[in-house]
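Chemist: Just dropping this structure here.
Written out as C-alpha coordinates, the structure reads:
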(Lines of atoms letter the chains of each structure in order from A; the text may use other names.)
(Lines give C-alpha, C1' and ligand atoms only; values in the text may rest on other atoms or scores of the structure.)
Protein backbone atom coordinates (compact mmCIF):
# COMPACT_ATOMS: atom_id res chain seq x y z
CA UNK A 247 0.00 0.00 0.00
CA UNK A 248 2.79 2.42 0.91
CA UNK A 249 4.76 1.53 -2.22
CA UNK A 250 1.65 2.10 -4.38
CA UNK A 251 1.13 5.59 -2.90
CA UNK A 252 4.81 6.48 -3.46
CA UNK A 253 4.50 5.46 -7.12
CA UNK A 254 1.34 7.57 -7.49
CA UNK A 255 2.94 10.69 -5.96
CA UNK A 256 6.06 10.28 -8.10
CA UNK A 257 3.96 9.93 -11.27
CA UNK A 258 1.95 13.05 -10.38
CA UNK A 259 5.08 15.10 -9.72
CA UNK A 260 6.58 14.03 -13.06
CA UNK A 261 3.37 14.98 -14.91
CA UNK A 262 3.27 18.39 -13.21
CA UNK A 263 6.91 19.10 -14.13
CA UNK A 264 6.31 18.20 -17.79
CA UNK A 265 3.17 20.37 -17.97
CA UNK A 266 4.90 23.40 -16.42
CA UNK A 267 7.88 23.16 -18.77
CA UNK A 268 5.68 22.81 -21.84
CA UNK A 269 3.55 25.78 -20.75
CA UNK A 270 6.63 27.96 -20.38
CA UNK A 271 7.65 27.15 -23.94
CA UNK A 272 4.33 27.91 -25.61
CA UNK A 273 2.99 30.82 -23.47
CA UNK A 274 3.42 34.37 -24.94
CA UNK A 275 6.01 36.66 -23.35
CA UNK A 276 4.67 40.02 -21.99
CA UNK A 277 6.32 43.41 -21.61
CA UNK A 278 6.88 44.38 -18.00
CA UNK A 279 4.78 47.57 -18.14
CA UNK A 280 1.80 47.20 -20.45
CA UNK A 281 1.28 43.39 -20.44
CA UNK A 282 1.16 43.31 -24.25
CA UNK A 283 2.78 40.48 -26.19
CA UNK A 284 6.39 41.31 -26.95
CA UNK A 285 7.23 41.10 -30.66
CA UNK A 286 10.63 39.85 -31.66
CA UNK A 287 11.97 41.02 -35.00
CA UNK A 288 12.90 38.18 -37.36
CA UNK A 289 16.57 37.61 -37.86
CA UNK A 290 18.00 39.16 -41.01
CA UNK A 291 18.94 36.80 -43.77
CA UNK A 292 22.66 36.30 -44.29
CA UNK A 293 24.03 39.00 -46.58
CA UNK A 294 20.86 41.14 -46.39
CA UNK A 295 21.50 44.93 -46.47
CA UNK A 296 21.18 46.77 -43.16
CA UNK A 297 18.00 48.78 -42.67
CA UNK A 298 18.38 52.52 -43.32
CA UNK A 299 18.20 54.67 -40.17
CA UNK A 300 14.85 56.37 -39.69
CA UNK A 301 14.72 60.11 -40.43
CA UNK A 302 14.55 62.51 -37.49
CA UNK A 303 10.98 63.59 -36.77
CA UNK A 304 10.09 67.16 -37.66
CA UNK A 305 10.33 69.49 -34.64
CA UNK A 306 7.06 70.56 -33.08
CA UNK A 307 6.42 73.76 -31.13
CA UNK A 308 6.63 73.63 -27.36
CA UNK A 309 3.45 74.79 -25.62
CA UNK A 310 5.37 76.93 -23.13
CA UNK A 311 7.25 78.72 -25.93
CA UNK A 312 4.01 79.27 -27.84
CA UNK A 313 2.28 80.67 -24.76
CA UNK A 314 5.20 82.97 -24.00
CA UNK A 315 5.18 84.35 -27.56
CA UNK A 316 1.44 85.09 -27.36
CA UNK A 317 1.88 86.83 -23.99
CA UNK A 318 4.85 88.83 -25.33
CA UNK A 319 2.80 89.94 -28.33
CA UNK A 320 0.08 91.25 -26.03
CA UNK A 321 2.68 93.01 -23.84
CA UNK A 322 4.24 94.81 -26.81
CA UNK A 323 0.79 95.93 -27.96
CA UNK A 324 0.17 97.25 -24.44
CA UNK A 325 3.28 99.39 -24.81
CA UNK A 326 1.59 101.32 -27.61
CA UNK A 327 -2.06 101.13 -26.67
CA UNK A 328 -2.39 102.69 -24.19
CA UNK A 329 1.22 103.05 -22.92
CA UNK A 330 2.82 105.23 -25.57
CA UNK A 331 -0.45 107.04 -26.29
CA UNK A 332 -0.77 108.11 -22.64
CA UNK A 333 2.91 109.01 -22.39
CA UNK A 334 2.71 111.33 -25.41
CA UNK A 335 -0.80 112.55 -24.60
CA UNK A 336 0.22 113.71 -21.14
CA UNK A 337 3.13 115.72 -22.55
CA UNK A 338 1.04 117.73 -25.02
CA UNK A 339 -1.26 120.66 -24.33
CA UNK A 340 -4.84 119.82 -23.40
CA UNK A 341 -6.23 120.91 -26.78
CA UNK A 342 -4.08 118.32 -28.60
CA UNK A 343 -4.32 115.28 -26.31
CA UNK A 344 -7.20 113.63 -28.18
CA UNK A 345 -5.38 114.17 -31.47
CA UNK A 346 -2.29 112.35 -30.19
CA UNK A 347 -4.34 109.50 -28.71
CA UNK A 348 -6.19 109.03 -32.01
CA UNK A 349 -2.98 109.13 -34.02
CA UNK A 350 -1.50 106.32 -31.92
CA UNK A 351 -4.64 104.20 -32.25
CA UNK A 352 -5.08 104.68 -36.00
CA UNK A 353 -1.39 104.38 -36.93
CA UNK A 354 -1.13 101.15 -34.93
CA UNK A 355 -4.14 99.73 -36.77
CA UNK A 356 -2.92 100.93 -40.17
CA UNK A 357 0.53 99.37 -39.79
CA UNK A 358 -0.93 96.09 -38.48
CA UNK A 359 -3.03 95.75 -41.64
CA UNK A 360 -0.12 96.71 -43.91
CA UNK A 361 2.04 94.16 -42.12
CA UNK A 362 -0.43 91.40 -42.92
CA UNK A 363 -0.82 92.50 -46.55
CA UNK A 364 2.84 92.81 -47.55
CA UNK A 365 5.02 93.84 -44.60
CA UNK A 366 5.71 90.39 -43.18
CA UNK A 367 6.51 89.01 -46.61
CA UNK A 368 8.93 91.82 -47.48
CA UNK A 369 10.69 91.61 -44.11
CA UNK A 370 10.88 87.89 -43.32
CA UNK A 371 10.96 85.87 -46.53
CA UNK A 372 13.91 85.12 -48.77
CA UNK A 373 14.43 87.62 -51.55
CA UNK A 374 17.62 89.61 -51.90
CA UNK A 375 19.92 91.19 -49.33
CA UNK A 376 17.70 94.25 -48.93
CA UNK A 377 14.10 93.15 -49.46
CA UNK A 378 12.19 89.92 -48.96
CA UNK A 379 10.04 88.15 -51.53
CA UNK A 380 6.34 87.77 -52.22
CA UNK A 381 5.82 84.33 -50.66
CA UNK A 382 3.77 85.61 -47.73
CA UNK A 383 1.68 88.35 -49.38
CA UNK A 384 -1.67 88.53 -47.56
CA UNK A 385 -0.18 85.88 -45.23
CA UNK A 386 -0.34 83.36 -48.06
CA UNK A 387 0.64 79.86 -46.97
CA UNK A 388 0.44 80.61 -43.26
CA UNK A 389 -1.50 77.91 -41.41
CA UNK A 390 -1.65 76.79 -37.77
CA UNK A 391 0.82 74.05 -38.77
CA UNK A 392 3.42 76.48 -40.20
CA UNK A 393 6.50 76.79 -38.00
CA UNK A 394 9.23 79.41 -37.68
CA UNK A 395 12.81 78.84 -36.57
CA UNK A 396 14.19 80.20 -33.32
CA UNK A 397 17.79 80.71 -32.22
CA UNK A 398 18.07 77.09 -31.00
CA UNK A 399 18.50 74.13 -33.30
CA UNK A 400 15.48 71.83 -33.37
CA UNK A 401 13.20 74.29 -31.56
CA UNK A 402 10.42 76.02 -33.48
CA UNK A 403 7.39 78.18 -32.73
CA UNK A 404 4.18 78.61 -34.73
CA UNK A 405 4.88 81.02 -37.58
CA UNK A 406 1.63 82.84 -36.89
CA UNK A 407 2.89 83.73 -33.40
CA UNK A 408 6.16 85.02 -34.84
CA UNK A 409 4.27 87.05 -37.45
CA UNK A 410 2.02 88.63 -34.81
CA UNK A 411 4.96 89.39 -32.49
CA UNK A 412 6.86 91.13 -35.26
CA UNK A 413 3.69 93.00 -36.28
CA UNK A 414 3.58 94.69 -32.87
CA UNK A 415 7.22 95.72 -33.33
CA UNK A 416 6.42 97.38 -36.64
CA UNK A 417 3.39 99.11 -35.11
CA UNK A 418 5.17 100.58 -32.11
CA UNK A 419 8.11 101.71 -34.24
CA UNK A 420 5.81 103.82 -36.40
CA UNK A 421 3.96 105.13 -33.35
CA UNK A 422 7.23 106.22 -31.73
CA UNK A 423 7.63 108.83 -34.48
CA UNK A 424 4.30 110.45 -33.57
CA UNK A 425 5.90 112.19 -30.61
CA UNK A 426 8.17 114.15 -32.94
CA UNK A 427 5.19 115.39 -34.96
CA UNK A 428 2.89 116.17 -32.02
CA UNK A 429 0.97 119.43 -32.49
CA UNK A 430 2.83 120.09 -35.76
CA UNK A 431 1.30 117.97 -38.54
CA UNK A 432 -2.09 117.20 -40.04
CA UNK A 433 -3.60 113.80 -39.41
CA UNK A 434 -3.77 112.96 -43.13
CA UNK A 435 -0.12 113.92 -43.62
CA UNK A 436 0.93 111.68 -40.73
CA UNK A 437 -0.91 108.69 -42.20
CA UNK A 438 0.65 109.22 -45.63
CA UNK A 439 4.11 109.58 -44.09
CA UNK A 440 3.67 106.38 -42.07
CA UNK A 441 2.73 104.34 -45.15
CA UNK A 442 5.77 105.58 -47.08
CA UNK A 443 8.20 105.29 -44.16
CA UNK A 444 6.97 101.83 -43.15
CA UNK A 445 7.36 100.54 -46.71
CA UNK A 446 10.69 102.07 -47.67
CA UNK A 447 12.49 102.38 -44.33
CA UNK A 448 11.22 99.94 -41.72
CA UNK A 449 10.76 96.90 -43.95
CA UNK A 450 14.18 96.94 -45.68
CA UNK A 451 15.97 97.66 -42.38
CA UNK A 452 14.12 94.79 -40.68
CA UNK A 453 15.00 92.44 -43.53
CA UNK A 454 18.66 93.50 -43.67
CA UNK A 455 19.16 93.14 -39.90
CA UNK A 456 16.91 90.26 -38.86
CA UNK A 457 16.28 87.87 -41.73
CA UNK A 458 18.09 84.53 -41.87
CA UNK A 459 17.06 80.93 -42.49
CA UNK A 460 17.59 79.76 -38.91
CA UNK A 461 19.99 77.29 -37.27
CA UNK A 462 18.26 74.13 -38.50
CA UNK A 463 19.54 74.74 -42.03
CA UNK A 464 23.17 74.70 -40.85
CA UNK A 465 24.74 71.24 -41.18
CA UNK A 466 28.35 72.00 -42.12
CA UNK A 467 30.60 74.80 -43.32
CA UNK A 468 29.07 74.80 -46.80
CA UNK A 469 25.50 75.05 -45.51
CA UNK A 470 26.56 77.81 -43.09
CA UNK A 471 27.93 79.77 -46.02
CA UNK A 472 24.69 79.25 -47.96
CA UNK A 473 22.54 80.36 -45.00
CA UNK A 474 24.66 83.47 -44.54
CA UNK A 475 24.49 84.30 -48.25
CA UNK A 476 20.68 84.18 -48.20
CA UNK A 477 20.39 86.38 -45.09
CA UNK A 478 19.86 90.13 -44.92
CA UNK A 479 22.75 92.39 -45.87
CA UNK A 480 23.57 93.62 -42.37
CA UNK A 481 23.18 90.10 -40.94
CA UNK A 482 25.78 88.95 -43.47
CA UNK A 483 28.12 91.64 -42.14
CA UNK A 484 27.79 90.23 -38.63
CA UNK A 485 25.37 92.77 -37.18
CA UNK A 486 23.39 91.57 -34.15
CA UNK A 487 20.19 93.27 -33.01
CA UNK A 488 18.52 91.20 -30.30
CA UNK A 489 15.42 93.30 -29.63
CA UNK A 490 15.29 96.24 -32.00
CA UNK A 491 18.04 98.61 -30.92
CA UNK A 492 18.66 99.38 -34.60
CA UNK A 493 15.48 98.32 -36.38
CA UNK A 494 13.17 100.06 -33.90
CA UNK A 495 14.95 102.75 -31.89
CA UNK A 496 17.66 104.12 -34.18
CA UNK A 497 15.33 103.82 -37.17
CA UNK A 498 12.47 105.71 -35.49
CA UNK A 499 14.83 108.24 -33.89
CA UNK A 500 16.31 109.27 -37.24
CA UNK A 501 12.82 109.59 -38.74
CA UNK A 502 11.65 111.72 -35.82
CA UNK A 503 14.75 113.92 -35.92
CA UNK A 504 14.55 114.56 -39.65
CA UNK A 505 10.78 115.02 -39.54
CA UNK A 506 10.86 117.55 -36.72
CA UNK A 507 13.66 119.47 -38.45
CA UNK A 508 11.72 119.64 -41.73
CA UNK A 509 8.42 120.62 -40.10
CA UNK A 510 9.99 123.21 -37.83
CA UNK A 511 8.97 124.56 -34.43
CA UNK A 512 5.46 124.46 -33.03
CA UNK A 513 3.39 127.59 -33.54
CA UNK A 514 3.89 129.80 -30.50
CA UNK A 515 7.07 128.06 -29.37
CA UNK A 516 9.11 130.45 -27.22
CA UNK A 517 6.23 132.92 -26.98
CA UNK A 518 3.75 131.05 -24.84
CA UNK A 519 3.94 128.38 -22.15
CA UNK A 520 3.72 124.82 -23.47
CA UNK A 521 3.73 122.84 -20.26
CA UNK A 522 2.57 119.20 -20.24
CA UNK A 523 -1.13 119.24 -19.42
CA UNK A 524 -1.32 115.98 -17.42
CA UNK A 525 1.77 114.34 -15.96
CA UNK A 526 -0.42 111.65 -14.41
CA UNK A 527 -1.04 110.37 -17.96
CA UNK A 528 2.69 110.47 -18.60
CA UNK A 529 3.48 108.53 -15.43
CA UNK A 530 0.90 105.84 -16.20
CA UNK A 531 2.14 105.66 -19.78
CA UNK A 532 5.77 105.26 -18.70
CA UNK A 533 4.78 102.52 -16.25
CA UNK A 534 2.90 100.63 -18.96
CA UNK A 535 5.89 101.00 -21.26
CA UNK A 536 8.13 99.50 -18.57
CA UNK A 537 5.71 96.64 -17.98
CA UNK A 538 5.24 95.90 -21.67
CA UNK A 539 8.96 96.14 -22.34
CA UNK A 540 9.45 92.80 -20.60
CA UNK A 541 7.65 91.23 -23.55
CA UNK A 542 9.57 93.45 -25.96
CA UNK A 543 13.02 92.36 -24.74
CA UNK A 544 12.46 88.94 -23.18
CA UNK A 545 10.04 87.92 -25.93
CA UNK A 546 12.76 88.54 -28.51
CA UNK A 547 14.46 85.35 -27.29
CA UNK A 548 11.57 83.56 -29.10
CA UNK A 549 11.64 80.89 -26.39
CA UNK A 550 10.85 80.59 -22.69
CA UNK A 551 14.47 79.95 -21.72
CA UNK A 552 17.42 81.39 -19.84
CA UNK A 553 18.06 84.10 -22.43
CA UNK A 554 14.52 85.38 -21.93
CA UNK A 555 14.99 85.46 -18.15
CA UNK A 556 18.30 87.31 -18.51
CA UNK A 557 16.68 89.91 -20.78
CA UNK A 558 13.81 90.34 -18.32
CA UNK A 559 16.09 90.84 -15.31
CA UNK A 560 18.33 93.23 -17.25
CA UNK A 561 15.30 95.27 -18.33
CA UNK A 562 14.10 95.49 -14.74
CA UNK A 563 17.38 96.54 -13.14
CA UNK A 564 18.67 98.83 -15.89
CA UNK A 565 15.44 100.81 -16.00
CA UNK A 566 15.30 101.14 -12.22
CA UNK A 567 18.89 102.40 -12.22
CA UNK A 568 18.06 104.91 -14.98
CA UNK A 569 15.10 106.28 -13.00
CA UNK A 570 17.31 106.76 -9.94
CA UNK A 571 20.13 108.25 -12.00
CA UNK A 572 17.89 110.81 -13.71
CA UNK A 573 16.18 111.70 -10.43
CA UNK A 574 19.47 112.23 -8.59
CA UNK A 575 20.95 114.25 -11.46
CA UNK A 576 17.87 116.47 -11.62
CA UNK A 577 17.88 116.87 -7.85
CA UNK A 578 21.50 118.00 -7.89
CA UNK A 579 21.19 120.38 -10.86
CA UNK A 580 17.72 121.87 -10.28
CA UNK A 581 17.34 121.56 -6.54
CA UNK A 582 14.41 119.14 -6.65
CA UNK A 583 13.34 116.09 -8.67
CA UNK A 584 10.18 115.92 -10.78
CA UNK A 585 7.70 113.35 -11.99
CA UNK A 586 8.54 114.19 -15.59
CA UNK A 587 12.21 113.59 -14.89
CA UNK A 588 11.53 110.17 -13.36
CA UNK A 589 9.33 109.19 -16.32
CA UNK A 590 11.96 110.43 -18.76
CA UNK A 591 14.62 108.40 -16.95
CA UNK A 592 12.40 105.33 -17.17
CA UNK A 593 12.01 105.59 -20.94
CA UNK A 594 15.68 106.52 -21.44
CA UNK A 595 16.75 103.45 -19.49
CA UNK A 596 14.45 101.18 -21.47
CA UNK A 597 15.75 102.47 -24.79
CA UNK A 598 19.39 102.36 -23.68
CA UNK A 599 19.22 98.75 -22.47
CA UNK A 600 17.45 97.44 -25.56
CA UNK A 601 20.29 95.98 -27.66
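Numbering (this note's numbering), first residue to last: 247 to 601. All residues carry an ideal CB built from backbone N, CA and C; glycine is no exception. Being a predicted model, the structure only gives us computed values, none of them experimental.
Please go through the same chain and pick out, in chain order, the residues whose beta-carbon is closer than 6 Å to the beta-carbon of residue 371, but skip the five residues on each side of it.
Modeler: So the qualifying residues of the chain are 378, 379, 381, 382.
Chemist: Starting from the Cα of residue 399, find the closest Cα among 548, 482, 600, 444 and give me that residue.
Modeler: The shortest Cα separation from residue 399 among 548, 482, 600, 444 belongs to 548.
Chemist: Using three-state DSSP, classify residue 583 as helix, strand or coil.
Modeler: It is coil, neither helix nor strand.
Chemist: Determine, using beta-carbon pairs with one atom in the segment 429 to 436 and one in the segment 356 to 367, whether at least three such pairs fall under 8 Å.
Modeler: At 8 Å Cβ cutoff, the stretches do not touch.
Chemist: Do residue 560 and residue 536 come within 8 Å of each other at the CB atom, strictly closer than that value?
Modeler: No.
Chemist: Check whether the segment 503 to 517 and the segment 300 to 317 touch, using three or more Cβ-Cβ pairs below 8 Å as the test.
Modeler: Contact between the segment 503 to 517 and the segment 300 to 317 is absent, because fewer than three Cβ pairs lie under 8 Å.
Chemist: Would you list the one or two residues that DSSP bridges to residue 394?
Modeler: In DSSP, residue 394 forms a bridge with 403.
Chemist: Measuring straight from C-alpha to C-alpha, what distance separates residue 325 and residue 518?
Modeler: If I take the Cα positions, the gap works out to 32 Å.
Chemist: Ignoring anything shorter than 4 residues, give me the alpha helix (DSSP H) runs that lie fully in the segment 481 to 558, in order along the chain.
Modeler: You should have 497 to 509, 525 to 544.
Chemist: Ordered along the chain, which non-local residues of its own chain (more than five positions away) have a Cβ less than 7 Å from that of residue 495?
Modeler: Taken in chain order, the residues that qualify are 597, 600.
Chemist: For the segment 431 to 470, list the beta strand (DSSP E) runs that are entirely contained and at least 3 residues long, ordered along the chain.
Modeler: List check, beta strand (DSSP E) in window: nothing returned.
Chemist: Assign residue 260 to buried or exposed, taking buried as 16 or more other Cβ atoms, counted over all protein chains shown, within 10 Å of its Cβ.
Modeler: With a pLDDT of 42 at residue 260, under the threshold of 50, the modelled position of that residue is not reliable, and the figure given next carries that caveat. By the neighbour-count rule (16 or more Cβ atoms within 10 Å), residue 260 is not buried but exposed.
Chemist: Figure out for me which residue from 573, 541, 595, 563 has the closest Cα to the Cα of residue 320.
Modeler: Looking at the Cα atoms, 541 is the closest of the given residues.
Chemist: Would you mind reading off the limits of the alpha helix (DSSP H) that contains residue 318?
Modeler: That run of the alpha helix (DSSP H) goes 309 to 324.
Chemist: What do you get for residue 487, buried or exposed, if any count of 16 or more other CB atoms within 10 angstroms of its CB means buried?
Modeler: Buried, since its Cβ has 16 or more Cβ neighbours within 10 Å.
Chemist: Out of curiosity, what's the CA-to-CA distance linking residue 444 and residue 451?
Modeler: Approximately 10 Å, taken between the alpha carbons.
Chemist: Using the rule of at least 16 other Cβ atoms within 10 Å of the residue's Cβ for burial, across every protein chain shown, is residue 323 buried or exposed?
Modeler: Label assigned to residue 323: buried.
Chemist: Should residue 358 and residue 304 be called a contact, given that it needs their Cβ atoms to be closer than 8 Å?
Modeler: Going by C-beta atoms, residue 358 is not nearer than 8 Å to residue 304.
Chemist: Provide the residue span of the alpha helix (DSSP H) that contains residue 337, from first to last.
Modeler: Looking at the DSSP string, the run of the alpha helix (DSSP H) that includes residue 337 is 331 to 337.
Chemist: Would you be able to state if there are at least three C-beta pairs under 8 Å between the segment 349 to 357 and the segment 521 to 532?
Modeler: Verdict: no, contact absent.
Chemist: Exposed or buried, what is residue 578 when buried is set at 16 or more other beta-carbons lying within 10 Å of its beta-carbon?
Modeler: The residue is exposed, with fewer than 16 neighbouring Cβ atoms inside 10 Å.
Chemist: At what residues does the alpha helix (DSSP H) containing residue 369 begin and finish?
Modeler: 366 to 370 is the span of the alpha helix (DSSP H), which, as asked, contains residue 369.
Chemist: Around the C-beta of residue 434, are 16 or more other C-beta atoms found within 10 angstroms, so that it is buried, or is it exposed?
Modeler: That one is exposed.
Chemist: For the alpha helix (DSSP H) that contains residue 354, what are its first and last residues?
Modeler: Counting along the chain, the alpha helix (DSSP H) containing residue 354 begins and ends at 343 to 360.
Chemist: As a quick exercise: from 420, 402, 406, 474, pick the residue whose alpha carbon is nearest that of residue 550.
Modeler: Residue 402 is the option with its Cα nearest to residue 550.
Chemist: Classify residue 376 as helix, strand or coil using the three-state DSSP reduction.
Modeler: DSSP places residue 376 in coil when its eight states are reduced to three.
Chemist: Do residue 525 and residue 570 come within 8 Å of each other at the CB atom, strictly closer than that value?
Modeler: Not in contact: residue 570 and residue 525 (Cβ atoms no closer than 8 Å).
Chemist: Pull up the distance between the alpha-carbon of residue 420 and that of residue 447, whole angstroms please.
Modeler: In a straight line, the C-alpha of residue 420 is about 10 Å away from that of residue 447.
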